[in-house]
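Report on one structure; see the data block that follows.
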Amino acid sequence: MEKFQPERGAGVLCHISSLPNKYGIGSLGSEAYEFVDVLAKSGVKYWQILPLQQTGFGDSPYQSVSCTSGNPYFIDLVDLHKQGLIDKEELKNAERKLKNDIDYGDLYNSRYALLRKAYARFDIKDPDFVAFAESGEAEDYALFMSLKSRYSGTFSTFPHDYKYRETLAMTEFKDSVYREEYCFWLFVQYEFAKQWGALKSYANSKGIKIIGDIPLYVAYDSSDVWANPQLFALDEDLNPVAVAGCPPDYFSEDGQLWGNPLYNWDALEESNFDWWINRIAHASRLYDIVRIDHFRGLDRYYAIPACEKTARVGEWLPCPGKKLFEEAERRLGKLSIIAEDLGVIDEGVVELRDFCGFPSMKIMMFAFDGNEDNAYLPHNIDEHSVVYTGTHDNDTALGFLLKQTDLQFSALKKQLRAALEYEQAYTPVVDRADAVKGMVLCALNARSAIAVIPVQDILCLDNWSRMNTPATAGCNWKFRLTSMPDRNAMANFKNAVIRSGR
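Each residue of the sequence shown is one higher than the one before, starting from 1 at the first, in the numbering used here.
Spelled out as structure tokens, the structure:
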């Protein structure tokens, strides 16, 4: 397969939801364009975001009702007002006090009601909307959401004919009184797609490429599983027979039980991987570069019997990853993909990644353990990689350092200074704030093609700003900026980007 070697440059990780505005969550509105301008002025070539899909249980962008949907919360309300779809008073009532976190409960209770008002004033005979609807791109999603609006619960509790998508029943439902509901869900996807397309075009015009995620697995209660049950490991009642997770390790004695249904890879292969390739194609239209989360699951995946309460019992099973990506390249051309190959990986994962020619990921936060052979140390990193100080699943750099004892931090400082000297990126490292700057410099000066720095690390924020703590619920995905990134911090970052030759 053809090797993907991205252009050398610096990137910033900040999800759409974390952007500041007056409406409770970041959107595709003016603040997103301003953020692009901030990145461009700072010499940044890449903006990395998390999945754009509509969030489901736990408000996680990695658990969605549809893997090809767009999050309705991201629709810019100001744009809807300009279109005449919401009035001035409704826009004013949508304002919320700008805080460092997102109130998803308030959003759920207020935002959809406002979007329904906008839809009621929308001309569904608009030619662009008609073309979008007739494309069928969002049909499964719109049907699924319409049925959930009518019956609640998961799709497994739908009436039999709808649960199993009986053709006549689905046609009658779509053309019945629920036609308005069906068109509402098409409307929110149409508005999202239109606004995202405009923002991406603007970013590209400023020389900035978008890096976005494909979660490996999809949620059970999703249009993906409901519309394609034969492609997942389900029984005759459409219940999972095995689910995804990770086995016990140093960090978790019970392992991680994610609960996502596993793929039926035999059925996927028989269909020439159509579903997966359509998914990659869709992501490649949304983003300039696609990062596949939990890439190791495309070499071998951990299967846990659905009856288990922990991940202690499970087995590793093979996946036809090479065949999938060969077929994807044959049909789509060269693939611009980054492999998220973090955690415990084996020779099979490395072989698949190298066979595909995808860059690997390196985490600077994990480099300083005293081991000179550590794969994340600058002198061990090659250019066919993407380096981060940390990801959305890690502590912030400052949060990580604040957890260390004085003795541990003293040892880390010594290693960090040696790494900076190796990269000829000299900077004093006295306290923990200095060490954050040192880690950022190490990442920027590494040989990796792309260096991505979370906005929290540019601003030297501690763990109150952490985006996600794996295996926890209720406190994640809430981080927000209350203003655009500090000018002095961005000026310092720009200088570091310039000095690193990015």
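Each residue gets a CB set at the ideal place from its N, CA and C atoms; glycine is no exception.
It should be emphasised that the depicted structure is a prediction, and the values quoted were computed from it without experimental measurement.
Query, Result
"One or two residues paired with TYR263 in a DSSP bridge", "PHE232"
"ALA397 and MET361 closer than 8 Å at C-beta", "no"
"Strand pairing of PRO318, partner residues [DSSP]", "ARG300"
"Nearest-angstrom Cα separation, counted from ASN278 out to TRP477", "27 Å"
"Cβ pair ALA231, TRP275 closer than 8 Å", "For the record, residue 231 in the displayed sequence is Leu; it is not Ala. Going by C-beta atoms, LEU231 is nearer than 8 Å to TRP275."
"Cβ neighbours of ASN260 in the same chain (closer than 7 Å, five flanking residues each side left out)", "TYR217, VAL218, ALA219, TYR220, VAL243, ALA244"
"Cβ pair ILE208, LYS45 closer than 8 Å", "yes"
"Alpha-carbon spacing of ASN228 relative to THR469, whole angstroms", "31 Å"
"Span of the alpha helix (DSSP H) around LEU143", "139 to 151"
"Test item: CB-CB of VAL12 and ILE453 under 8 Å", "yes"
"CA-to-CA distance, LEU199 to ARG296, given in whole angstroms", "32 Å"
"Among CYS442, ALA433, THR472, the one whose alpha carbon lies nearest that of ALA489", "ALA433"
"For LEU298 and ALA352, believed in contact at Cβ under 8 Å, the rounded distance", "As written in the sequence, residue 352 is Leu, which differs from the Ala given in the question. Contact flag correct, Cβ pair sits at about 7 Å."
"Proximity below 8 Å, CB of ALA281 to CB of LEU324", "no"
"Within 8 Å, strictly: CB atoms of TYR302 and PRO247", "yes"
"Distance between beta carbons of GLY43 and VAL497, contact taken as under 8 Å", "4 Å"
"Whole-number beta carbon distance between ALA339 and HIS384, since they are thought to touch under 8 Å", "Not a contact, Cβ separation roughly 11 Å."
"Three-pair Cβ contact test at 8 Å for the segment 82 to 97 versus the segment 301 to 319", "no"
"Cβ neighbour criterion (16 or more within 10 Å) applied to SER152", "exposed"
"LEU398 in three-state terms, based on DSSP", "helix"
"Proximity winner among ALA283, GLU308, SER60, LEU143, relative to SER176 (alpha-carbon distances)", "LEU143"
"Exposure label - GLU347; buried when at least 16 CB within 10 Å", "exposed"
"Those residues which DSSP pairs with ILE277 across a bridge", "Beta-bridge pairing links ILE277 to no other residue."
"Straight-line gap, ILE363 to LEU342 (C-alpha atoms, nearest Å)", "9 Å"
"Beta-carbon proximity check, LEU401 vs VAL436, cutoff 8 Å", "yes"
"Close beta carbons around ASP462, own chain, < 8 Å, minus the five adjacent residues each side", "THR396, LEU398, GLY399, LEU402"
"Start and end residues, beta strand (DSSP E) containing TRP47", "46 to 48"
"Alpha helix (DSSP H) segment containing VAL386, residue limits", "Counting along the chain, VAL386 falls outside any alpha helix (DSSP H), though it belongs to the beta strand (DSSP E) covering 385 to 388."
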